[in-house]
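Residue numbers (our numbering): 141 to 397.
In structure tokens:
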């Protein structure tokens, strides 16, 4: 069926018979999961293409083959960036920027580059359908860069919008930002607000664990012990909780001597 659709598309284009055949063969290679051969053939096809929509689609296919199937992320970015540079169709530019941002954030861990692309997507007017995701990811990229003031600016902006898809998550990440910035009491305070709003039990337990950790750091050992004790049997790693309880108990005893 896919081959038939590709064939119908090719018939509508003014291509040479050889180019028709090469594109169909590349699609067959993808269907057979021969991704490297498909990528090589598409690169050969690309050299014979003028500008236009078909070239954009081949570039995007090469980006997807290299990122999804071949794990050649920098090469994938090269093809996506070609679309951003040359396409006059906004939808292809936005799709490519989204893919580049994802690769820099999740796979290459180049958060400075990720910030650049997510900021570009956030600033588009009118707002894109996935605006909430891009804005939240922008905040997380700043957090990974340890640009705490910029991260807080983004997360606090989300926090005042109850309709935002990541409204509740913003509370948690404000806490994480304070925690990484060693502002322990601020982290604890916002996590208390987060727990009031979060519905997933596993996430509540994780927040409580981090609160206990913050209390430990502040030498409020009684509070830390109480929270660790309260999530016994709920935290996924029972050994970790038991070790924390033992450690806090010994520290409390040592302080009394």
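Where a beta carbon is used, it is the ideal one built from N, C-alpha and C, also for glycine.
Note that this is a predicted model, so its numbers are computed, not measured.
- If you look at residue 250, you'll find it isn't in any alpha helix (DSSP H); DSSP assigns it neither H nor E.
- Counting only the Cα atoms, residue 259 lies some 39 Å from residue 368.
- The continuous alpha helix (DSSP H) containing residue 346 extends over residues 341-357.
- Residue state for residue 272 is assigned as helix, using DSSP reduced to three classes.
- For residue 160, the enclosing alpha helix (DSSP H) stretches over residues 157-171.
- In the DSSP annotation of this structure, residue 372 is not part of any alpha helix (DSSP H), being labelled neither H nor E.
- In the DSSP annotation of this structure, residue 206 is not part of any alpha helix (DSSP H), being labelled neither H nor E.
- When the beta-carbon positions are compared, residue 192 and residue 220 stay at least 8 Å from each other.
- Contact check for residue 294 against residue 315 fails: the beta carbons are separated by 8 Å or more.
- Listed in chain order, the alpha helix (DSSP H) elements of length 4 or more contained wholly in the region 268-336 are 271-284, 288-299 and 307-320.
- Distances from the CA of residue 232 to each of 243, 255, 199 and 208 were compared; the closest alpha carbon is that of 199.
- DSSP places residue 393 inside the alpha helix (DSSP H), whose first and last residues are 378-396.
- Here residue 235 has no same chain residue with a Cβ atom under 6 Å from its own Cβ, once five neighbours each way along the sequence are excluded.
- For residue 192, the three-state secondary structure derived from DSSP is coil.
- Buried is the label assigned to residue 299, since at least 16 other Cβ atoms lie within 10 Å of its Cβ.
- Excluding sequence positions up to five before and after residue 352, its CB lies within less than 6 Å of the CB of 364, 367 and 368, all in the same chain and listed in chain order.
- In this chain, the alpha helix (DSSP H) harbouring residue 186 covers 175-187.
- Ranking 327, 331 and 201 by CA distance to the CA of residue 239 puts 201 first.
- Put simply, the backbone Cα of residue 312 is about 14 Å away from that of residue 321.
- It is roughly 15 Å from the alpha-carbon of residue 254 to the alpha-carbon of residue 218.
- Close CB contacts of residue 357 within its chain, under the 7 Å cut and outside five residues either way in sequence, are with 324 (chain order).
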